[in-house]
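In this text, residue positions in the sequence shown follow the working numbering: the first is 5, and each later residue adds one.
Even glycine gets a Cβ: it sits at the ideal position worked out from N, Cα and C.
Reviewing the structure listed below.
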Amino acid sequence: MLKDQIKKAIEEEGPLTEDEILELFQIHKKQKKIFREVLKDMVKEGELYFTKKEKYILMEDAHLFRGELQGSGRDFCYFIPDDPTKPDVFIHASKLNGAIHKDVVLIKIKRNAQGNKSPEGEVVRIIERNKRTTGVLEISGQFGFVVLDDKNYGFDVHIKKANLNGGKNKDRVVLRIDHIPEKKNLSPDGTILEIIGKEGDPGVDITAIARQFDLPDEFPKKIRDIAENIPQEVRNKDRGSRTDLRDLYTITIDGETAKDFDDAISLEKEKDQYILSVHIADVAHYVKKNSALDKEAQRRGNSVYLLNRVIPMLPVELSNGICSLNPGEERLTLTVRMWINDRGKVVDHKFYESVILSNKRLIYKDVSNFLEGKGDPFKEEELKEMLQLCEELQKILREKRSRRGSLDFDFPEPVIEFDEKGRPVDIHPGDRRIGEEIIEEFMLVTNETVGKNFGFMEYPFMYRIHEEPDGEKIEEFRRTVTNFGYRIKGQGTFTKDFQRLLKELEGKAEKPLISKLLLRSMQKARYSEVPDLHFGLGTMFYCHFTAPIRRYSDLFIHRIVKDFIHHRPSTNNEGAFLDHIRRIAKECSQKERQAELAEREAMDMKMAEYMEDKIGEIYPGIISSLTNFGIFVQLPNTVEGLL
Numbered sequence: 005m006l007k008d009q010i011k012k013a014i015e016e017e018g019p020l021t022e023d024e025i026l027e028l029f030q031i032h033k034k035q036k037k038i039f040r041e042v043l044k045d046m047v048k049e050g051e052l053y054f055t056k057k058e059k060y061i062l063m064e065d066a067h068l069f070r071g072e073l074q075g076s077g078r079d080f081c082y083f084i085p086d087d088p089t090k091p092d093v094f095i096h097a098s099k100l101n102g103a104i105h106k107d108v109v110l111i112k113i114k115r116n117a118q119g120n121k122s123p124e125g126e127v128v129r130i131i132e133r134n135k136r137t138t139g140v141l142e143i144s145g146q147f148g149f150v151v152l153d154d155k156n157y158g159f160d161v162h163i164k165k166a167n168l169n170g171g172k173n174k175d176r177v178v179l180r181i182d183h184i185p186e187k188k189n190l191s192p193d194g195t196i197l198e199i200i201g202k203e204g205d206p207g208v209d210i211t212a213i214a215r216q217f218d219l220p221d222e223f224p225k226k227i228r229d230i231a232e233n234i235p236q237e238v239r240n241k242d243r244g245s246r247t248d249l250r251d252l253y254t255i256t257i258d259g260e261t262a263k264d265f266d267d268a269i270s271l272e273k274e275k276d277q278y279i280l281s282v283h284i285a286d287v288a289h290y291v292k293k294n295s296a297l298d299k300e301a302q303r304r305g306n307s308v309y310l311l312n313r314v315i316p317m318l319p320v321e322l323s324n325g326i327c328s329l330n331p332g333e334e335r336l337t338l339t340v341r342m343w344i345n346d347r348g349k350v351v352d353h354k355f356y357e358s359v360i361l362s363n364k365r366l367i368y369k370d371v372s373n374f375l376e377g378k379g380d381p382f383k384e385e386e387l388k389e390m391l392q393l394c395e396e397l398q399k400i401l402r403e404k405r406s407r408r409g410s411l412d413f414d415f416p417e418p419v420i421e422f423d424e425k426g427r428p429v430d431i432h433p434g435d436r437r438i439g440e441e442i443i444e445e446f447m448l449v450t451n452e453t454v455g456k457n458f459g460f461m462e463y464p465f466m467y468r469i470h471e472e473p474d475g476e477k478i479e480e481f482r483r484t485v486t487n488f489g490y491r492i493k494g495q496g497t498f499t500k501d502f503q504r505l506l507k508e509l510e511g512k513a514e515k516p517l518i519s520k521l522l523l524r525s526m527q528k529a530r531y532s533e534v535p536d537l538h539f540g541l542g543t544m545f546y547c548h549f550t551a552p553i554r555r556y557s558d559l560f561i562h563r564i565v566k567d568f569i570h571h572r573p574s575t576n577n578e579g580a581f582l583d584h585i586r587r588i589a590k591e592c593s594q595k596e597r598q599a600e601l602a603e604r605e606a607m608d609m610k611m612a613e614y615m616e617d618k619i620g621e622i623y624p625g626i627i628s629s630l631t632n633f634g635i636f637v638q639l640p641n642t643v644e645g646l647l
């Protein structure tokens, strides 16, 4: 690739001016404009640095790092590097040099990490300013100011009369930050771009979160038009040479309110061997590579679940329509069939482009009640036998994961119930019962089987990796658990040692606190073009394959699997394809992080709203985490508060 050639030239020749690079590559006059755009792009992406002497050098030679600022009011920011293997960096307010929360910046390290203290740095250059944000407009005479939703900015924004654009008192708005004054005691100036609605009106707060995190909650007209013209039935020409699995007994198991069913299962047993078929919606059949639908899905990266609202990756005609594995309707799928022995080992597997006909749509609660002996809502003996077989295989697979040291953090997910106006009326811990555990284990073994297939072949692929925890963080965790009277026996970083600790904590009051501390000492999982350890699962090859309706990573992998099924290469240029996978992996990781932050913001907001009328009441609680500014206490309903 051209970018690699440019970097290699600078590495060999040293710092080069633009003219020197153009001369070195013998660029013709007509190509100069395109070449200059490539250089600008490389600077923006953090691959090159443009010095004051107007020379291009490699970023590593400049000892600079590219990333985004995470604010904490006016006092300081944390720098979150683009490279996930690098640590976060503390930036004091005096070293921000005009940068604010959410800016993309270049920094240099001023002081290396010491003990449990983060490295410290200074902003060298602001690459990109995230100027759009949200808040509530307060009118005061001839001007207004916006109290920002995101308190990490550490300031309110002044709005001149000419820039109110119809905004009225207590409107929740989208605004643009126009100017950051040098004096800290002055507010930035801004302009109202959009009026979302009146503060307190139903749905306005969730829409504001979507805007705050730049989540596209509406599809462009072009995409809507394309989606509306997609046939909602499987046609003869769609079936083609697919493996016909319509006679195979197949079910889906999902939550009660689920509308998009992207996975279905079939299970048989021959002697001591289980034959598990996991059918995943063939989204790639309808969303062609580089099509308008594909580009829109890539832009979104994933579906985002903001409590009682979903911002989908795909239009509803796909997600809830032709791609959803609805019962009694033919659907196109990618099937992974696995032959599993009684020790949980996948002894053989095959991939199929298939067509299925789901027999039943089941919900977790009914499946769990049946298998736990709390009711029998099912009439068909074939279904009952299959569910009992599912439970049998689930236990075998979970035991296998346990033997290799896979970690299970059993945190109850909070469930928020709403009234018709979108107000929270109840919060309680969600159940994780046998129904959920069956699907979880079956999807895990499918993702691992697909990852291993391509990992062993050394085929260009996109993996889900979870690197080993940072040594210093683990040592700090060891010291903490010692104070509780626990001891991690091994001296290295081994999942089995942490697994033993989690088992020892079962039923203990301190389990939530210690489990959270352990989780926070771990690295964040991410996507990568290079196979690596998935520390939490204790496996070397893992990927995301089972949710292409809601994750672009899975859709991307489906195309590679389909090429493999048809014995055709995914690329004729492996180096260029690996670079492409690297970019997609980085984008998917960033979009996932963005979705997590938005979902957490929505959860925190509705929890605070629910507790608002309970101020003064007394609750039992347990310390869930410790910080240098206080302790967090979790109530039985899962709500956390700061003490």
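key: Minimum C-alpha distance to D414 - residue among L523, T339, D205, Q118   = Minimum Cα distance to D414 is reached at L523.
message = What does DSSP give as the partner residue(s) for E533 in the beta ladder?
response = According to the DSSP secondary-structure assignment, E533 is paired through a beta bridge with no residue.
inquiry  = Quick check: the Cα distance between R250 and S362, rounded to an integer number of angstroms?
reply    = Across the structure, R250 and S362 are spaced so that their CA atoms are roughly 8 Å apart.
key: Same chain only: Cβ atoms within 6 Å of N373, ignoring 5 sequence neighbours per side   = Excluding positions up to five away in sequence, the list reads G379.
Unbroken stretches of the alpha helix (DSSP H), 4 residues or longer, contained in the stretch 13-58 = Taking 4 residues as the shortest admissible run, the stretch 13-58 contains the following complete alpha helix (DSSP H) segments, listed from N- to C-terminal end: 22-28, 36-48.
ask   = Relative to the ligand COA, is the shortest distance from any of its heavy atoms to the C-beta of G194 smaller than 7 Å?
value = Annotation note on the ligand COA: not contained in the displayed structure, which lists no ligands.
task = Quick one: grab the DSSP three-state call for Y253.
result = DSSP places Y253 outside both helix and strand once states are collapsed to three, so it counts as coil.
6 Å Cβ shell around N169 - same chain, five flanking residues per side excluded = Cβ neighbours of N169 beyond the five flanking positions: I196.
inquiry  = If contacts are defined as beta-carbon pairs under 8 Å, then V308 and E603 qualify, I think. What distance do you get, rounded to the angstrom?
reply    = Going by Cβ atoms, the distance from V308 to E603 rounds to 7 Å, so yes, they are a contact pair.
ask   = From L252, V287, Y278, pick the residue whose C-alpha is nearest to that of D266; which is it?
value = Answer by Cα proximity: V287.
query = Between which two residues does the beta strand (DSSP E) carrying E126 extend?
reply = For E126, the enclosing beta strand (DSSP E) stretches over residues 124-132.
ask   = Between K520 and the rest of its own chain, which residues show a CB-CB distance below 7 Å, the 5 nearest in sequence each way excluded?
value = Here the set comprises S628, S629.
query = Apart from the five residues on each side of it in sequence, which residues of its chain come closer than 8 Å, Cβ to Cβ, to K652?
reply = Nothing can be reported for residue 652: it is not among the residues displayed for the chain, which extend from 5 to 647.
ask   = Can you tell me whether DSSP reads E621 as helix, strand or coil?
value = In the structure shown, E621 sits in coil (DSSP, three-state: anything other than H, G, I, E or B).
ask   = Is it the case that the Cβ atoms of P473 and S406 are separated by a distance below 8 Å?
value = Taking 8 Å as the Cβ cut-off, P473 and S406 do not qualify as a contacting pair.
key: Segments of 3+ residues assigned as beta strand (DSSP E) that fall wholly inside the stretch 398-460   = Taking only runs of at least 3 residues, the beta strand (DSSP E) segments lying wholly in the stretch 398-460 are 418-422, 428-433.
Pick from K354, P331, M342 that is closest to Y278, judged by C-alpha positions = The shortest CA-to-CA distance from Y278 to any of K354, P331, M342 is the one to M342.
message = Check this for me: beta carbons of E2 and P464, under 8 Å apart or not?
response = Since the first residue shown for the chain is 5 and the last is 647, residue 2 is missing from the structure and cannot be characterised.
request  = Please go through the same chain and pick out, in chain order, the residues whose beta-carbon is closer than 7 Å to the beta-carbon of V238, but skip the five residues on each side of it.
outcome  = These residues qualify, in order along the chain: E334, R335, L336, V359.
ask   = Any C-beta of chain B sitting closer than 8 Å to the C-beta of M526?
value = Chain labels in this structure do not include chain B; a single protein chain is all it has.
task = Provide the residue(s) that pair with E72 in DSSP beta bridges, ordered along the chain.
result = In the DSSP output, where bridge partners are listed per residue, E72 has I84, V108.
query = Does the stretch 219-227 come close enough to the stretch 153-171 that 3 or more CB-CB pairs lie under 8 Å?
reply = The stretch 219-227 and the stretch 153-171 do not touch, with fewer than three beta-carbon pairs separated by less than 8 Å.
ask   = Can the beta-carbon of E471 be found less than 8 Å from the beta-carbon of D536?
value = Yes, the pair counts as a contact, with Cβ atoms nearer than the cut-off.
ask   = So which of S593, P516, K528, E445 has the shortest CA-CA distance to T642?
value = That would be P516, whose Cα lies nearest to the Cα of T642.
query = Mind checking whether E58 and K11 have CB atoms under 8 Å apart?
reply = Against a cut-off of 8 Å, the Cβ pair of K11 and E58 comes out as no contact.
ask   = Just checking my contact of T459 with F382 at CB under 8 Å: how many whole Å lie between their CB atoms?
value = Here residue 459 turns out to be Gly, not Thr, going by the sequence shown. In fact, because the Cβ distance is near 39 Å, the residues do not count as touching under 8 Å.
key: Element boundaries [beta strand (DSSP E), containing V643]   = Where V643 is concerned, there is no enclosing beta strand (DSSP E), given that its DSSP letter is neither H nor E.
query = Can you tell me whether DSSP reads A117 as helix, strand or coil?
reply = When DSSP states are grouped into helix, strand and coil, A117 belongs to the coil group.
task = Could you work out which residue in E441, E385, D412 is closest to E376 when comparing CA atoms only?
result = Scanning E441, E385, D412 for the CA closest to the CA of E376 turns up E441.
query = Residues in its own chain within less than 7 Å of D449 by CB, not counting five upstream and five downstream?
reply = Per the sequence shown, the amino acid found at residue 449 is Val instead of Asp. Sequence-distant Cβ neighbours of V449 in its own chain, meaning closer than 7 Å and more than five residues away, are M342, V350, L401.
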